[in-house]
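Encoded as structure tokens, the structure appears first; notes follow it.
Number of protein chains: 2
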Amino acid sequence: MTAADALIDDLCNLEPIKTWSLIVTLFGDLSDHHITGKELGLLMGHVGIKTEAIRVALHRLRKDGWIVSTKSGREVTYSLSDVGLAETRAAYEDVYRRDVKYPQGWKLLLTKSDYAAPDPAIRIERSLLLVPVEAVLLDGAALGLQADTDHIPDWFSDRIVPSQTLVLAQKLCEIAERPGIGDLSPLSLAAVRLLLLHYWRKIALRNSSWAHISMIPQGPLAQCHHRVTQVMADLPRLDPAAFAN
Amino acid sequence: MTAADALIDDLCNLEPIKTWSLIVTLFGDLSDHHITGKELGLLMGHVGIKTEAIRVALHRLRKDGWIVSTKSGREVTYSLSDVGLAETRAAYEDVYRRDVKYPQGWKLLLTKSDYAAPDPAIRIERSLLLVPVEAVLLDGAALGLQADTDHIPDWFSDRIVPSQTLVLAQKLCEIAERPGIGDLSPLSLAAVRLLLLHYWRKIALRNSSWAHISMIPQGPLAQCHHRVTQVMADLPRLDPAAFAN
């Protein structure tokens with residue numbers, strides 16, 4: 283097994299991968315948002331996804347109005363629909379961002395039972411919410427609390443984000459730190475980028491992850507954020523013209 | 283009804299008074315810790331306590347080892363026992379203090395269910411304690427939280443101290459602020475001092491009161507503390523030689 287295969291293998295083994303979700307990641311990172319069926323099959327095949335699984339996933343995504351396909355002779359080209367493009371753009375702001383979301387940090391709120399929690403709130407306990415400072419409205423129904431961020435115990439960290447996510451982040455960060463990623467073949471490089479981005483995307487789309495990153499800046503999520511977005515910034519976006527030739 | 287009678291009447295009507303508890307207050311404030319049965323009856327009678335109730339209370343306190351009595355001819359003199367004196371001294375530090383107890387303030391702790399709460403802790407919710415900073419041990423089982431003291435909602439204040447206590451404190455403070463207390467007859471002055479001290483003592487012996495005073499320094503408990511201890515400092519301690527002649 284080559285170093286590239288080992289890298290891809292380790293990434294594939296981090297967590298079970300849903301094919302449709304991996305394709306969503308792929309389309310979000312494509313430099314010009316479209317890819318032929320052949321190119322898609324090449325890249326997905328390189329990370330071990332079978333042709334039949336790709337076919338089913340593409341069918342589902344097209345049915346959901348998320349991608350569109352055009353046929354030219356025997357070649358099919360897939361691209362994001364307008365809906366898919368709009369959703370991807372919104373989501374990918376969080377996925378690629380190198381700074382932290384909600385830059386003013388997070389606050390705990392002790393609330394009355396009838397408190398209407400603002401949207402990005404994370405429930406820590408029945409009456410205790412974690413809320414971005416920007417979203418805090420101290421209207422008498424909540425008491426704002428500033429946590430001692432120097433001494434955040436592990437069990438509290440686990441209430442923000444499940445420990446399995448923290449383990450995933452740590453492993454992902456370790457893989458992203460391996461030397462030699464820049465020296466891979468274009469196809470392997472694309473596969474590694476796709477997989478790193480896929481796992482990170484799932485983490486970055488949860489507000490709870492950003493709360494953890496803000497409150498525990500030495501923690502595995504913050505380190506993973508730092509490292510994975512660094513790799514993304516250093517490497518070019520997915521480009522079939524680069525990896526399919 | 284004279285101004286003195288009205289003052290004493292209003293104090294007596296604040297809350298039901300337990301005779302034995304009022305006698306405990308009285309002994310704690312006596313300048314030399316002993317009083318004759320006749321002097322005791324005079325002062326207690328002036329605040330409306332019946333002879334029979336005094337007799338029962340004295341019997342109970344003597345049986346509990348809290349006071350001792352000595353007889354000289356037809357005159358009985360009561361004084362605190364060694365136990366009573368030691369307990370009174372410890373308690374009265376808090377009752378007469380003009381500064382706040384636990385000067386470093388109070389902190390909220392979010393705790394795990396198996397957290398061993400330190401002694402002066404006040405439970406706000408199942409897993410949320412209010413603890414003096416001096417007593418906080420951040421050993422990994424608790425997360426320290428600093429409350430926004432600028433915006434403490436009323437419902438939170440009520441979780442520290444029941445609202446009926448806050449109402450009592452407010453009324454007590456209003457009475458203590460009335461002009462002319464210094465101009466009362468020695469016996470009425472002693473009665474007013476005894477009653478003010480009695481209600482305040484019940485408040486000051488609860489740690490939750492000190493938490494409230496620290497966290498809500500503009501609140502009714504803090505104002506009551508300020509005013510009542512000011513009156514205590516301005517007036518002489520209870521002295522039968524002064525009020526029984």
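Heads up: the sequence lines are chains A and B, in that order.
Sequential numbering from 283 applies to the first sequence in the numbering used here.
Sequential numbering from 283 applies to the second sequence in the numbering used here.
Each residue gets a CB set at the ideal place from its N, CA and C atoms; glycine is no exception.
- Taking 8 Å as the CB threshold, B:ALA417 stays off the interface with chain A.
- Not a single CB atom of chain B sits nearer than 8 Å to the CB of A:SER361.
- With 16 or more neighbouring CB atoms inside 10 Å of its own CB, A:MET514 falls in the buried class.
- Annotation for A:VAL413: the continuous beta strand (DSSP E) segment containing it runs 410–414.
- In the DSSP annotation of this structure, B:GLY426 is not part of any alpha helix (DSSP H); the continuous beta strand (DSSP E) holding it starts and ends at 424–429.
- B:HIS341 counts as exposed, since fewer than 16 other C-beta atoms from the protein chains shown sit within 10 angstroms of its C-beta.
- By the Cβ criterion, the region 318–326 of chain B is not in contact with the region 501–508 of chain B, since fewer than three pairs of Cβ atoms, one from each stretch, lie closer than 8 Å.
- The C-beta separation of A:LEU325 from A:ALA473 comes to about 6 Å, placing the pair in contact by the 8 Å criterion.
- The beta carbon of A:ILE434 sits closer than 8 Å to some beta carbon of chain B.
- Taking a C-beta cut-off of 8 Å against chain B, the contacting residues of the region 421–451 of chain A are GLY422, ALA423, ALA424, LEU425, GLY426, LEU427, GLN428, ALA429, ASP430, HIS433, ILE434, PRO435, ASP436, TRP437, PHE438, listed in chain order.
- Rounded to whole angstroms, the separation of the alpha carbons of B:LEU312 and B:TYR384 is 27 Å.
- Taking CB atoms only, A:LEU392 has a neighbour in chain B less than 8 Å away.
- The shortest CA-to-CA distance from A:LEU362 to any of A:SER351, A:ALA372, A:GLY355 is the one to A:SER351.
- Distance check between B:SER395 and each of B:SER445, B:HIS507, B:GLU407, B:VAL329 places B:GLU407 closest, using alpha-carbon atoms only.
- Distance from A:PHE438 to B:LEU419 at the Cβ level is roughly 16 Å; contact not present, criterion being Cβ atoms closer than 8 Å.
- Relative to B:SER354, the option among B:GLY347, B:GLY327, B:ILE317, B:ILE331 whose CA is nearest is B:ILE317.
- Taking CB atoms only, A:SER409 has a neighbour in chain B less than 8 Å away.
- When the Cα atoms are used, B:ARG483 and B:ASP436 turn out to be separated by approximately 24 Å.
- Secondary structure in the region 292–364 of chain B: the alpha helix (DSSP H) runs of 4 residues or longer, each lying completely within the stretch, are 301–311, 319–328, 333–345 in chain order.
- A:ALA285 and A:GLU456 have their C-alpha atoms some 15 Å from each other.
- Using a Cβ distance threshold of 8 Å, A:ALA423 and A:VAL413 do not count as a contacting pair.
- DSSP, read as helix, strand or coil, puts B:ARG405 in strand.
- When the five nearest sequence neighbours on each side are left out, the beta carbons in the same chain lying within less than 6 Å of the beta carbon of B:HIS480 are those of LEU304, THR307, in order along the chain.
- Residues ILE404, ILE442, VAL443 of the same chain have their beta carbon placed closer than 6 Å to that of B:SER490, with the five preceding and five following residues left out of the count.
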